[in-house]
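Heads up: the sequence shown is residues -15 to 97, going by this note's numbering.
All residues carry an ideal CB built from backbone N, CA and C; glycine is no exception.
From a predicted model like this one, the values you see are computed outputs, not experimental measurements.
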Amino acid sequence: MAILTLNRPDKLNALSNELIAGIMNALNSIELDSSVRVVVITGAGRAFSAGADIAAFHKHMQAGPADAIMHFMRPGHQMTRRVESYPKPIILKKAVTVRPEQESPHLLTTVIG
């Protein structure tokens, strides 16, 4: 098993181009490793991921829509397609507390692939 941790807790693990490139590089390496049969992706801090890094998107939008599509949206779409078509199971995992009065966190797990 390989565990990838999104590690931008100060930004709620928002997906920047650097983080997307890191995920893609890790998935490429793991795919070739026959000892890894499943990939778990989790997020550091209080959020799994807030989604796209809107601040980074805004910078690309200032350069124009074509720049935003080429340099921001396209890498995100490529990563999504890579995860959807990955030959090994990918589990997205984050511990969450369902009710504040509960003492132990419950595990919310989504399996992709």
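Does DSSP put residue i in a helix, a strand or coil?
i	result
residue 27	strand
residue 18	coil
residue 4	helix
residue 58	helix
residue 13	helix
residue 65	helix
residue -6	helix
What does residue i pair with, by DSSP beta-bridge criteria?
i	result
residue -13	24
residue 47	Answer is none; residue 47 lacks a bridge partner.
residue 36	-1
What number of angstroms, rounded off, separates the C-alpha of residue i from the C-alpha of residue j?
i	j	result
residue 32	residue 1	17 Å
residue -14	residue 23	5 Å
residue 95	residue 25	Note that residue 95 has pLDDT 34, beneath the 50 cutoff, so the model's placement of it is unreliable and the number below is only indicative. Rounded to whole angstroms, residue 95 to residue 25 spans 10 Å at the Cα level.
residue 48	residue 38	15 Å
residue 72	residue 21	6 Å
residue 12	residue 67	11 Å
residue 58	residue 6	15 Å
For the putative contact between residue i and residue j, defined by C-beta atoms under 8 Å, what is the C-beta separation to the nearest angstrom?
i	j	result
residue 35	residue -10	The Cβ separation is near 11 Å, so there is no contact.
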